[in-house]
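**Q**
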Amino acid sequence: MEKNMPNTPLNLTDANIDENIKKYKNIVIDCWAPWCGPCR
644 MEKNMPNTPL NLTDANIDEN IKKYKNIVID CWAPWCGPCR
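The sequence shown lines up with residues 644 to 683 when you count with the working numbering.
Here's what the structure looks like:
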């Protein structure tokens, strides 16, 4: 695991996604929507 890896999930937005992609070597993005049945 990376030494600087966050220990909680990140809330990515248009404003911070590029910064976090540069900061962390590996990123897993879990996309969901409150209206999506399988996402709940």
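The C-beta atom is built at its ideal place from N, Cα and C for all residues, glycine as well.
Assuming contact is defined by CB atoms lying nearer than 7 Å, are LEU653 and ASN669 in contact in what I supplied?
**A** Not a contact, by the Cβ cut-off of 7 Å.
**Q** Quick check: what's the CA-CA separation for PRO677 versus LEU655?
**A** Taking the straight line joining both Cα atoms gives about 16 Å.
**Q** When the Cα of LYS646 is compared with those of ASP657, LYS666, ASN659, which residue comes out closest?
**A** The option with the nearest alpha carbon to LYS646 is LYS666.
**Q** Note down the Cα distance separating ILE672 from CYS679, rounded to an integer number of angstroms.
**A** Looking at the two C-alpha atoms, the distance is approximately 17 Å.
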